[in-house]
Amino acid sequence: RILHEVERNVYIFNGGSGFFVNTLIFDSEEGLILIDTQMEDENNEILIKLLKEKFPNKDIHSFIISHAHLDHFIGLSFFRDAFGEFEIVGIEGEKKHMMESMDTLWPTYERLSEKSNLEKTDKHYPTKEIKHDYAFQFYDKSAHVEIVDANESWTSLIVYLPESETVYVGDMYWGDIVIEPEIGATVLGWSRELHNVLEKKITTVIPGHAPFLFTRENLQTFVDNIDKLVATGRHLIDKGIDKEAFVKYD
């Protein structure tokens with residue numbers, strides 16, 4: 069578990085273990101800009117230690133929450149304790165989904181962080197809600213934060229680095245198709261937004277989970293597989309398959 073330098077002034081920390089969440093770190097003149105926390109307490113504590121060692125004279129300027137799933141924001145309390153107050157950026161109107169995710173994923177969090185002293189009340193919601201895309205500078209480069217309707221259940225942010233043709237896609241892609249009905253997802257919206265992502269010039273894809281990076285070709289293959297899933301689903305529905313058989317269909 070180290071800070072992996074993706075490019076100049078851009079780092080990734082992957083916690084490994086159960087969730088393999090990726091946290092992005094941007095070194096800027098204003099301070100550190102982070103995207104998504106870790107799920108496990110231990111990983112958040114390790115990341116904080118690494119940041120203080122790597123950037124001893126810098127505070128956190130802002131923390132961006134890519135989407136409303138607990139594993140991407142539960143660690144905010146640790147960073148507030150370690151660095152003091154900072155701006156928390158999230159998507160306008162997503163607080164309700166964050167609260168729902170807290171209820172859904174809290175048992176998993178407790179299992180992965182058995183010694184945790186956090187309570188459900190120890191949560192932080194965005195201090196700045198955005199409803200439009202925006203960009204931030206880090207030295208001579210820029211990062212574009214874009215809102216995508218990943219599906220009708222929750223909205224997400226992606227971060228695009230035009231100079232290096234790198235994109236962070238959060239939970240929209242991490243190497244395989246995983247559909248979690250209790251968390252909420254719609255395959256049609258997923259496919260639509262990933263096609264939009266592929267319209268960009270992309271060389272490197274940073275997933276929300278996974279201890280390695282992907283390429284444009286990897287993402288294209290994934291989208292092709294989703295499109296096949298959509299086509300198969302439509303075919304089965306047209307044939308009159310019932311819900312139970314549809315869910316069990318291989």
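Residue numbers (the working numbering): 69 to 318.
Ideal placement from N, C-alpha and C gives every residue a C-beta, glycine not left out.
Anticipated Cβ contact below 8 Å, residue i with residue j, distance rounded
i      : j      : result
Pro215 : Ile159 : Per the sequence shown, the amino acid found at residue 215 is Ile instead of Pro. The pair is a contact, with the Cβ atoms about 6 Å apart (cut-off 8 Å).
Asp201 : His192 : Incorrect: roughly 23 Å between the Cβ atoms, too far for contact.
Glu162 : Ala136 : 5 Å
Phe123 : Asp104 : Not really, about 18 Å apart at Cβ, beyond 8 Å.
Ser85  : Asn125 : Between Asn125 and Ser85 the Cβ distance is about 30 Å, and since that is not below 8 Å, they are no contact.
Bounding residues of the alpha helix (DSSP H) (the contiguous stretch that carries residue i)
i      : result
Phe147 : Leu144 to Phe151
Tyr236 : Premise fails: Tyr236 lies in the beta strand (DSSP E), Thr234 to Tyr236, not in any alpha helix (DSSP H).
Leu180 : Lys163 to Leu180
Asn185 : Asn185 -> no alpha helix (DSSP H), and no H or E assigned at all.
Inter-residue spacing [alpha-carbon to alpha-carbon] between residue i and residue j
i      : j      : result
Arg69  : Leu115 : 8 Å
Asp171 : Glu312 : 26 Å
Thr272 : Leu229 : 10 Å
Leu321 : Lys316 : The displayed coordinates of the chain run from 69 to 318. Any statement about residue 321 would go beyond what the structure contains.
Thr189 : Glu73  : 34 Å
Phe154 : Ile128 : 6 Å
Asp310 : Glu108 : 39 Å
Lys307 : Pro279 : 41 Å
Asp149 : Ile156 : 14 Å
Asn185 : Lys268 : 43 Å
Asp292 : Thr283 : 14 Å
Ser130 : Leu100 : 7 Å
Lys117 : Thr91  : 14 Å
Phe204 : Ser181 : 33 Å
Met166 : Ser224 : 12 Å
Phe88  : Lys164 : 25 Å
Leu281 : Tyr241 : 11 Å
Gly143 : His303 : 43 Å
Status (buried if at least 16 other CB within 10 Å, exposed otherwise) for residue i
i      : result
Thr305 : First, the residue type needs correcting, since residue 305 is Ile and not Thr in the sequence shown. Its Cβ having fewer than 16 others within 10 Å, Ile305 is exposed.
Asn11  : Examination of residue 11 is not possible in this model, given that the chain is present from 69 through 318 alone.
Gly238 : buried
Tyr79  : buried
Pro275 : buried
Leu266 : exposed
Gly83  : buried
Thr289 : exposed
Phe147 : buried
Asp139 : buried
Phe141 : buried
Phe81  : buried
Residue span of the beta strand (DSSP E) that contains residue i, given as start and end
i      : result
Thr91  : Asn90 to Ser96
Ala203 : Tyr202 to Phe206
Thr272 : Thr272 to Ile274
Thr131 : The residue you asked about is not Thr; residue 131 is Phe in the sequence shown. From DSSP, the beta strand (DSSP E) with Phe131 extends over Ile128 to Ile132.
Lys209 : Lys209 to Val216
His192 : His192 -> no beta strand (DSSP E), and no H or E assigned at all.
Lys196 : Lys196 to Ile198
Ile101 : Gly99 to Ile103
Contact test: residue i Cβ vs the ligand COA heavy atom, cutoff 6 Å
i      : result
Leu304 : With respect to small molecules bound, the structure shown includes none, and the ligand COA cannot be examined in it.
Quick check: the segment 231-243 against the segment 183-203, are at least 3 beta-carbon pairs closer than 8 Å? The answer is no - the segment 231-243 does not touch the segment 183-203, with fewer than three Cβ pairs under 8 Å.
Flag this pair as touching only if the segment 255-263 and the segment 199-214 have three or more C-beta atom pairs under 8 Å; answer yes or no. no
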